[in-house]
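Number of protein chains: 2
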Amino acid sequence: MLRSCALRLRTPGLVRCLRGGAPLPARDPWSPRRSFSAEVSHVDHSLPNPSWSKDMRLLFDQFMKKSEDGSWQRLPSYKSKFSPKTEEQMKVFFSDAKPIKEQRSQPQLFPRNFEEGLGFEYVMFHNHAEDKTVCIFQGGPYLQGAPGFLHGGAIATMIDSTFGISALIVGGIVMTASLNINFKRPIPLYSVVVINSQVDKVEGRKLFLSCNVQSVDEKTLYSEATSLFVKLDPKKSLT
Amino acid sequence: MLRSCALRLRTPGLVRCLRGGAPLPARDPWSPRRSFSAEVSHVDHSLPNPSWSKDMRLLFDQFMKKSEDGSWQRLPSYKSKFSPKTEEQMKVFFSDAKPIKEQRSQPQLFPRNFEEGLGFEYVMFHNHAEDKTVCIFQGGPYLQGAPGFLHGGAIATMIDSTFGISALIVGGIVMTASLNINFKRPIPLYSVVVINSQVDKVEGRKLFLSCNVQSVDEKTLYSEATSLFVKLDPKKSLT
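Residue numbers (my numbering), protein chains in the order written: chain H, 1 to 239; chain L, 1001 to 1239.
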């Protein structure tokens, strides 16, 4: 689906930076201490909390260590609180967007709408040189499908989110055109998995991505997926 | 992913009935008034609530009308509260299922874990003669991806859930082997869409399904999807 993570992160400058602009600053350039615009919620949900398991924390620490030389970067994550300006930007592409202000509840980013530890706990890291994004994901008890296992839709959500981040960093504002997932094995609730995503090819406005979903020890392959994203042309409405 | 909706609904008899056993009883045989086992939560979330829009309610009424002669049947939906016995049944297939009792929170069915109107509002109806399942779905503000639109993962979740119900009714306990979605247009938040799913073919243990996601007036095609499900053999563990 549509990805406006650049809007979500309010960091077009940082996205350009990741795409090969200015040298990458060392040590957590995505920190919420940075000066984002006023409408951003400053609670960064990609940082460790007490619900994170030992495996989750261990992998987080490993990637933070890798980030020290700037080759990897942690991507912050907010519940998202879009400004009216952002909504107007989206209407450039989709004129049938409903006026959110008329609705009773503030829209929020889907994977961040569970209480700590009950739903999606995740953090993503990006490697600019290799066009790779890694998502470390711990699925809580409210993501259940069959007893004891994650719902397929929860896995699809994390895969789509990881692809979306990869695609936006390379392509700017993009939209998922297709998502193809092969489920090899079900993922037990509470376990930690790693989604390894990469941009395989860019052809004009098309971006081709692939990923796998593995156990922490890399011995179990849970899923494989591919996706096609399309860069949106801000001069054209899609409605 | 794995589908044990028969377990979830605690209605193997009803599933057999839908597959061509005893004549279908008229008027809502899935009602929670029926005698399910003690561990089932009796709040049926597929019934109208105040958050349902006029479109949602209208379609619900239309399908309830179609259900009067028994050709369509409303499928009830619970947050699911699995018994230890059910978890044991799942371990026949997957011996790496973690002991849920050791965890702090009760697992619950993923698409039913939002407060009324904030997440997934949906109801499914099944047509036995045509092997079709229709899902009427209203996406709330906590399912947001890009500003004003549903997250692709939320759409995938509803598609996977609808496929899962179709597959289980035909195949019993099944597992999603693949899910392929083409996103044609993004779905605005708060709008109601209809997922029209059907079992296209059964070859041995394989079930091939397809669906489309349309607007209520059928003028807008939002997505198309196909999926392969595999019937599980209770004599074999997959781990």
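In this text, a Cβ means the ideal position worked out from N, Cα and C, and glycines have one as well.
Note that the coordinates shown come from a computational prediction; the quantities given were computed from them, not determined experimentally.
Under the three-state DSSP convention, the category residue i falls into
{"i": "D1028 of chain L", "result": "Reliability fails at D1028 of chain L, whose pLDDT of 34 lies under 50, so the model's placement of it is uncertain and the value that follows must be treated cautiously. Of the three classes helix, strand and coil, the one that applies to D1028 of chain L here is coil, per DSSP."}
{"i": "S195 of chain H", "result": "Before going on, a small fix: residue 195 of chain H reads as Ile here, not Ser. In the structure shown, I195 of chain H sits in a strand (DSSP, three-state: E or B)."}
{"i": "Q62 of chain H", "result": "helix"}
{"i": "R205 of chain H", "result": "coil"}
{"i": "S1227 of chain L", "result": "strand"}
{"i": "K1132 of chain L", "result": "strand"}
{"i": "Y1190 of chain L", "result": "coil"}
{"i": "S1053 of chain L", "result": "coil"}
{"i": "F110 of chain H", "result": "helix"}
{"i": "G1232 of chain L", "result": "According to the sequence provided, residue 1232 of chain L is Leu. The question's Gly does not apply to it. L1232 of chain L: coil per DSSP, three-state reduction."}
{"i": "L1221 of chain L", "result": "strand"}
{"i": "S215 of chain H", "result": "strand"}
{"i": "S105 of chain H", "result": "coil"}
{"i": "S1046 of chain L", "result": "coil"}
Continuous alpha helix (DSSP H) stretch holding residue i: start and end
{"i": "G157 of chain H", "result": "Correcting the residue type first, residue 157 of chain H is Thr in the shown sequence and not Gly. It spans G152 to G171 - the alpha helix (DSSP H) in which T157 of chain H sits, taken as one unbroken run."}
Cut-off 6 Å between Cβ atoms - residues of its own chain near residue i, not counting five sequence neighbours on either side
{"i": "L1059 of chain L", "result": "I1136"}
{"i": "S210 of chain H", "result": "D200 and T226"}
{"i": "K1079 of chain L", "result": "S1041, Q1108, L1109 and R1112"}
{"i": "S1047 of chain L", "result": "With the sequence shown as reference, residue 1047 of chain L is identified as Leu, and Ser is not the correct amino acid for it. Correct list: empty, nothing qualifies."}
{"i": "K66 of chain H", "result": "W72"}
{"i": "S1077 of chain L", "result": "H1045 and S1046"}
{"i": "P1147 of chain L", "result": "none"}
{"i": "E116 of chain H", "result": "N49 and S51"}
{"i": "K1132 of chain L", "result": "Q1198"}
{"i": "V1216 of chain L", "result": "D1055 and V1192"}
Own chain partners of residue i with C-beta closer than 8 Å, once the 5 adjacent residues on each side are dropped
{"i": "P1141 of chain L", "result": "L1118, L1189 and Y1190"}
{"i": "R1057 of chain L", "result": "P1048"}
{"i": "F1183 of chain L", "result": "G1152, I1155, Y1222 and S1223"}
{"i": "E130 of chain H", "result": "Q198"}
{"i": "L228 of chain H", "result": "T176, A177, S178, K206, L207, F208 and L209"}
{"i": "V170 of chain H", "result": "R19, D131, V199, V202 and L207"}
Cβ neighbours of residue i in the same chain (closer than 7 Å, five flanking residues each side left out)
{"i": "V1230 of chain L", "result": "V1174, M1175, A1177, R1205 and K1206"}
{"i": "W1052 of chain L", "result": "E1121 and Q1138"}
{"i": "I181 of chain H", "result": "A156, I159, S223 and A225"}
{"i": "L1232 of chain L", "result": "F1093, I1173, V1174 and M1175"}
{"i": "I1187 of chain L", "result": "G1139, F1149, L1150, I1155, V1193 and Y1222"}
{"i": "N1127 of chain L", "result": "S1071 and W1072"}
Span of the beta strand (DSSP E), counted from its first residue to its last, around residue i
{"i": "T176 of chain H", "result": "V174 to F183"}
{"i": "N127 of chain H", "result": "F120 to N127"}
{"i": "W1072 of chain L", "result": "W1072 to L1075"}
message: Residues of the segment 1173-1185 of chain L in Cβ contact with chain H at a cutoff of 9 Å, in chain order, please.
response: I1173, M1175, T1176, A1177, S1178, L1179, N1180, I1181, N1182, F1183, K1184 and R1185
Check your understanding: When you check each C-beta in the segment 142-153 of chain H against every C-beta of chain L, which residues fall closer than 8 Å?
Key -> Y142, L143, Q144, G145, A146, P147, G148, F149, L150, H151, G152 and G153
Give, in chain order, every residue of the segment 1106-1135 of chain L whose Cβ lies closer than 8 Å to some Cβ of chain H.
Q1106, P1107, Q1108, L1109, F1110, P1111, N1113, F1114, G1117, L1118 and G1119
Contact list for the segment 189-209 of chain H against chain L, Cβ threshold 8 Å: L189, Y190 and S191
Notebook entry, point to check: What residues in the segment 1045-1071 of chain L bring their beta carbon closer than 8 Å to a beta carbon of chain H?
Noted result: none
query: Of all the residues that make up the segment 1159-1173 of chain L, which are near chain H by a beta-carbon distance shorter than 7 Å?
result: D1160 and S1161
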